[in-house]
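Just so you know, the protein sequences line up as chains A and B, in that order. Heads up, the first sequence is in this note's numbering, so the first residue is 27 and it goes up one at a time. Heads up, the second sequence is in this note's numbering, so the first residue is 27 and it goes up one at a time. For reference, the structure discussed in these notes is given below.
There are 2 protein chains.
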Amino acid sequence: MNTNRITLVKGQVSSSPKIGGRVTINDLASHLCMSKSTVSRALNGYSDISESTRKRVERTAQKLGYRPLSHAQAIRTGRVRAIALVLQNDEPDKHNPFLQEFLAGACEAASDFGWTVTISTTKSDQDMDTVLTRLIEERKADGFILPRTKVTDPRVRLLRRLGVPYIMFGRTDHGQKKIEKDASWFDISGETAMQNAVVRLVSLGHQRIGYVGSDPEFNYSHLRREGFTQGLHATKLQPDPDLLREGARTRDEGTTETRVLLQLDQPPTAIVYATDMAALGAYKAITELGLTVGKDVSVIGYDGVPESQYVRPALTTYDVDTRMAGERLASLLVRQIRGEPADQLRELQEAQLVERDSDGPPALSSTELAEKIQKQ
Amino acid sequence: MNTNRITLVKGQVSSSPKIGGRVTINDLASHLCMSKSTVSRALNGYSDISESTRKRVERTAQKLGYRPLSHAQAIRTGRVRAIALVLQNDEPDKHNPFLQEFLAGACEAASDFGWTVTISTTKSDQDMDTVLTRLIEERKADGFILPRTKVTDPRVRLLRRLGVPYIMFGRTDHGQKKIEKDASWFDISGETAMQNAVVRLVSLGHQRIGYVGSDPEFNYSHLRREGFTQGLHATKLQPDPDLLREGARTRDEGTTETRVLLQLDQPPTAIVYATDMAALGAYKAITELGLTVGKDVSVIGYDGVPESQYVRPALTTYDVDTRMAGERLASLLVRQIRGEPADQLRELQEAQLVERDSDGPPALSSTELAEKIQKQ
DNA sequence: GCCGTTGCCGAAACCGGTTTCGGAACAAAT
DNA sequence: ATTTGTTCCGAAACCGGTTTCGGCAACGGC
Numbered sequence: 027m028n029t030n031r032i033t034l035v036k037g038q039v040s041s042s043p044k045i046g047g048r049v050t051i052n053d054l055a056s057h058l059c060m061s062k063s064t065v066s067r068a069l070n071g072y073s074d075i076s077e078s079t080r081k082r083v084e085r086t087a088q089k090l091g092y093r094p095l096s097h098a099q100a101i102r103t104g105r106v107r108a109i110a111l112v113l114q115n116d117e118p119d120k121h122n123p124f125l126q127e128f129l130a131g132a133c134e135a136a137s138d139f140g141w142t143v144t145i146s147t148t149k150s151d152q153d154m155d156t157v158l159t160r161l162i163e164e165r166k167a168d169g170f171i172l173p174r175t176k177v178t179d180p181r182v183r184l185l186r187r188l189g190v191p192y193i194m195f196g197r198t199d200h201g202q203k204k205i206e207k208d209a210s211w212f213d214i215s216g217e218t219a220m221q222n223a224v225v226r227l228v229s230l231g232h233q234r235i236g237y238v239g240s241d242p243e244f245n246y247s248h249l250r251r252e253g254f255t256q257g258l259h260a261t262k263l264q265p266d267p268d269l270l271r272e273g274a275r276t277r278d279e280g281t282t283e284t285r286v287l288l289q290l291d292q293p294p295t296a297i298v299y300a301t302d303m304a305a306l307g308a309y310k311a312i313t314e315l316g317l318t319v320g321k322d323v324s325v326i327g328y329d330g331v332p333e334s335q336y337v338r339p340a341l342t343t344y345d346v347d348t349r350m351a352g353e354r355l356a357s358l359l360v361r362q363i364r365g366e367p368a369d370q371l372r373e374l375q376e377a378q379l380v381e382r383d384s385d386g387p388p389a390l391s392s393t394e395l396a397e398k399i400q401k402q
Numbered sequence: 027m028n029t030n031r032i033t034l035v036k037g038q039v040s041s042s043p044k045i046g047g048r049v050t051i052n053d054l055a056s057h058l059c060m061s062k063s064t065v066s067r068a069l070n071g072y073s074d075i076s077e078s079t080r081k082r083v084e085r086t087a088q089k090l091g092y093r094p095l096s097h098a099q100a101i102r103t104g105r106v107r108a109i110a111l112v113l114q115n116d117e118p119d120k121h122n123p124f125l126q127e128f129l130a131g132a133c134e135a136a137s138d139f140g141w142t143v144t145i146s147t148t149k150s151d152q153d154m155d156t157v158l159t160r161l162i163e164e165r166k167a168d169g170f171i172l173p174r175t176k177v178t179d180p181r182v183r184l185l186r187r188l189g190v191p192y193i194m195f196g197r198t199d200h201g202q203k204k205i206e207k208d209a210s211w212f213d214i215s216g217e218t219a220m221q222n223a224v225v226r227l228v229s230l231g232h233q234r235i236g237y238v239g240s241d242p243e244f245n246y247s248h249l250r251r252e253g254f255t256q257g258l259h260a261t262k263l264q265p266d267p268d269l270l271r272e273g274a275r276t277r278d279e280g281t282t283e284t285r286v287l288l289q290l291d292q293p294p295t296a297i298v299y300a301t302d303m304a305a306l307g308a309y310k311a312i313t314e315l316g317l318t319v320g321k322d323v324s325v326i327g328y329d330g331v332p333e334s335q336y337v338r339p340a341l342t343t344y345d346v347d348t349r350m351a352g353e354r355l356a357s358l359l360v361r362q363i364r365g366e367p368a369d370q371l372r373e374l375q376e377a378q379l380v381e382r383d384s385d386g387p388p389a390l391s392s393t394e395l396a397e398k399i400q401k402q
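Here is the structure:
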């Protein structure tokens, strides 16, 4: 098949059939009887290559199964065609059931561009600095996906300082903060979900609605609380600071905050939770007071964790498409690295309501509920 | 500081302060007034470099913050100093709460060697082929970690064929299968846990013990069932095929299989589950028959999923240290790639019993239990 | 005092790509 | 017929490392 024993292009014919089996650009060039520079430029879309030779090169590359080594390209171009995901492992709820889906989405999107995904985990903020710096200095990735961005996120600070492309999963404070005004992000509108939850509960007949927020360290936390208060505003309900709780990071803290709300003189007949984990914790607080979830106290969560469909009563929640999040984030990041302006690479999607059995019309008024709790 | 305006080593003095800020091996060489080949060999431990110059090179490299680009090295060495993790995303239970910990362990171990971790997910077996092949052809990784190995695992087949290093999380059938006899693996001895579970239940007074296994497609499934039957053997209990169920992959299937066991003429007073998910499904089957978990029917799970501590009664289970698994797997794989023989890189660890409230002495005999169930 | 080792290091080739530069071939313009 | 301009491609430099090869100097042995 390959019969070109005669050297047509000086110094670029490889006679031996290359150990390792890989087809290199030199093999391709000698097979085509052209210089490797032509091959390279043909494959990279340079304009000084005629359409006919480009086609020929592409067809032969295809036929021979030529696949350039991204790290060989990287040494000249500086691009390794990889994005990195930085997971912070110091969180209380490190059991993230969505991670696999998220990764699947990110990998698939990256793969569509011919890119790959590398991960790195950090146990502490200071460890983060080391890990990220190493990744950057060794050029292991061209850009970073930062899930669960915090209000003051050390990852963001470092990457900004080094001028490395990144994308956040989660906005900072409506994008108003100056330092972030040219950053790109993808987010799910938790505030819309929270607002809709209030509207839904009010239309079910609830008048006193509590809110249990999450860790204020995270960006999403502020947005969701704001969404909740906007929901109150939209339904002309009077905001009551007593009904606003914050900082429920875990299931147990969800239980604790719910207890506090139910011990009020005027307890809420419905509670909206910034996270499913906190909402699941509420079940314990509610049932141990002899109350029924969905009757005496309505509960609405957010996230769509798998467990939400198995608890009894099943949890009404706003489902987040995590797989899509990973996919969009990866896609936007690659586009940013390829040169599109970061501040135009932003996307906001909605969470989807999953109606189940943890909410309904209030069985009692707030006053009646208070009495029932007192008797306990 | 850098005052060597005179070229001491021909052609290797970089006058301009390098855009991008990176310190290259050339910078280092000119700073040290030696050739870059000497620098390279000094840093890579060649024996023909004197100890004094090696020290000098290392100190200066440290001082200047020199860090070789792994992909620049890779083009010559063929090693990119990265391992890949191949996640199969076509599983029914893709909500793996342990993934983050697993990744953390793997990343940390890799990082200790100066390596990184890249991930790739596959939606189907045939997609797997494409994804893996691309990763290998582009040399994105030097080796692969394969979690959740199946009895006939397409990933294993492909990697073996291509001669690419890999390590399995999970043995194949006691390592007796010929094709795997030189593969390396890390595993948790699920069979020991199953056996101990039986012993524990017998010593609590149980005489009829059921077993609900997992997907026989996976390697661990067979081992765990074998462990269960060995437990019966060790306690001189008569094995009863009716008490052996298989194929509970999800919570719902756990419910179904439990129902079948409890409908037997001689139902078990205790059931051992190959996975926590199936065991959690059992709660529904047991309670809907008017029975109490931990009294009428004892339940023991395996995995240590977070939810196991939140259900009521809390689930007695065998906890798997997933983080350590990731760590060991990565470490063993890197050692294999570095040249240690694969068949000597195997490790078996034990799961740890977490005693909670889902098991106890039997409240009723099997016959009494059957009557109680009939009345329902 | 000569010779063969040995220790140590520089020059250059090399890995697989990309990019710059210059020039041949041809067409169009003068 | 010469000049000018395009089109298209080859040669060579380059990226940042590793590895081969050869040679100089010092050293020990006879």
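Glycine included, every Cβ here is placed at the ideal spot set by N, Cα and C.
7 Å CB neighbourhood of residue i in its chain, flanking five on each side removed
{"i": "ALA396/B", "result": "ASP291, GLN292, PRO293"}
{"i": "ASP116/B", "result": "LYS149, SER150"}
{"i": "GLU134/A", "result": "GLU353"}
{"i": "LEU358/B", "result": "ILE193, SER210, PHE212, LEU371, GLU373"}
Candidates the options: closest to residue i by CA position
{"i": "ARG271/A", "options": "ALA308/A, ALA260/A, HIS259/A, LEU263/A", "result": "ALA308/A"}
{"i": "LEU8/B", "options": "LEU185/B, GLY320/B, ASP347/B, MET194/B", "result": "No answer is possible for residue 8/B: it lies beyond the span of chain B, which begins at 27 and ends at 402."}
{"i": "LEU306/A", "options": "LEU317/B, TYR336/B, GLY327/B, ALA260/B", "result": "TYR336/B"}
{"i": "LEU258/B", "options": "ILE235/B, PRO123/B, ARG275/B", "result": "ILE235/B"}
{"i": "LEU317/B", "options": "GLU333/B, ALA296/B, ALA300/B", "result": "ALA296/B"}
{"i": "VAL331/B", "options": "ASP347/B, PHE254/B, ASP302/B", "result": "ASP302/B"}
{"i": "VAL360/B", "options": "LYS62/B, LEU111/B, ILE51/B", "result": "LEU111/B"}
{"i": "ILE328/A", "options": "ARG285/A, THR159/A, THR281/A, ALA219/A", "result": "The question names Ile, yet the displayed sequence has Tyr at residue 328/A. Closest option to TYR328/A, Cα to Cα, is ALA219/A."}
{"i": "GLY47/A", "options": "GLY91/A, SER73/A, SER76/A", "result": "GLY91/A"}
Residue span of the beta strand (DSSP E) that contains residue i, given as start and end
{"i": "VAL331/A", "result": "From DSSP, VAL331/A is part of no beta strand (DSSP E); its letter is neither H nor E."}
{"i": "GLU373/B", "result": "372-375"}
{"i": "PRO194/B", "result": "Checking the sequence shown, residue 194/B turns out to be Met, not Pro. Start and end: 192-195."}
{"i": "PHE212/A", "result": "210-214"}
{"i": "ASP53/A", "result": "From DSSP, ASP53/A is part of no beta strand (DSSP E) but of the alpha helix (DSSP H) over 51-58."}
{"i": "GLN146/B", "result": "As written in the sequence, residue 146/B is Ser, which differs from the Gln given in the question. Note, SER146/B: beta strand (DSSP E), 142-148."}
{"i": "GLY231/B", "result": "GLY231/B -> no beta strand (DSSP E), and no H or E assigned at all."}
{"i": "LEU379/B", "result": "378-380"}
Residue i: first and last residue of the uninterrupted alpha helix (DSSP H) it sits in
{"i": "MET350/B", "result": "348-363"}
{"i": "GLU182/A", "result": "Correcting the residue type first, residue 182/A is Val in the shown sequence and not Glu. Counting along the chain, the alpha helix (DSSP H) containing VAL182/A begins and ends at 180-188."}
{"i": "TYR72/A", "result": "It is not in any alpha helix (DSSP H) - TYR72/A carries neither H nor E in the DSSP assignment."}
{"i": "ALA136/A", "result": "125-139"}
{"i": "LEU95/A", "result": "From DSSP, LEU95/A is part of no alpha helix (DSSP H); its letter is neither H nor E."}
{"i": "THR313/A", "result": "302-314"}
{"i": "PHE244/B", "result": "No alpha helix (DSSP H) contains PHE244/B, which DSSP labels as neither H nor E."}
Nearest-angstrom Cβ-Cβ length linking residue i and residue j, presumed shorter than 8 Å
{"i": "VAL106/B", "j": "ARG165/B", "result": "6 Å"}
{"i": "ILE109/A", "j": "ILE171/A", "result": "6 Å"}
{"i": "ARG250/A", "j": "ALA300/A", "result": "5 Å"}
{"i": "GLU373/B", "j": "ARG354/B", "result": "6 Å"}
{"i": "LEU113/A", "j": "ALA87/A", "result": "About 37 Å; that fails the 8 Å criterion."}
Beta-carbon proximity check, residue i vs residue j, cutoff 8 Å
{"i": "HIS232/A", "j": "PRO123/B", "result": "no"}
{"i": "GLY131/B", "j": "ALA351/B", "result": "yes"}
{"i": "LEU288/B", "j": "ALA304/B", "result": "no"}
{"i": "ASP385/A", "j": "LEU227/A", "result": "yes"}
{"i": "GLY216/B", "j": "GLY189/B", "result": "no"}
{"i": "ALA362/B", "j": "SER210/B", "result": "Checking the sequence shown, residue 362/B turns out to be Gln, not Ala. Closer than 8 Å, so yes."}
{"i": "ASP322/A", "j": "ALA389/A", "result": "yes"}
{"i": "ILE51/A", "j": "SER61/A", "result": "no"}
{"i": "VAL143/A", "j": "THR144/B", "result": "yes"}
{"i": "PHE139/B", "j": "ARG349/B", "result": "no"}
{"i": "LYS163/A", "j": "ARG183/B", "result": "With the sequence shown as reference, residue 163/A is identified as Glu, and Lys is not the correct amino acid for it. Contact flag unset, no."}
Close Cβ partners of residue i (< 6 Å) along its chain, the five nearest in sequence each way excluded
{"i": "GLY201/A", "result": "Any reading at GLY201/A needs caution, since the residue's pLDDT is 47, under 50, leaving its predicted position unreliable; the model's value is listed next. Within the same chain, GLY201/A has no close Cβ partners at all."}
Cβ neighbours of residue i in the same chain (closer than 8 Å, five flanking residues each side left out)
{"i": "THR313/A", "result": "VAL319"}
Check: residue i C-beta below 7 Å from any heavy atom of the ligand PLP
{"i": "PRO267/A", "result": "With respect to the ligand PLP, the structure offers nothing, as it holds no ligand at all."}
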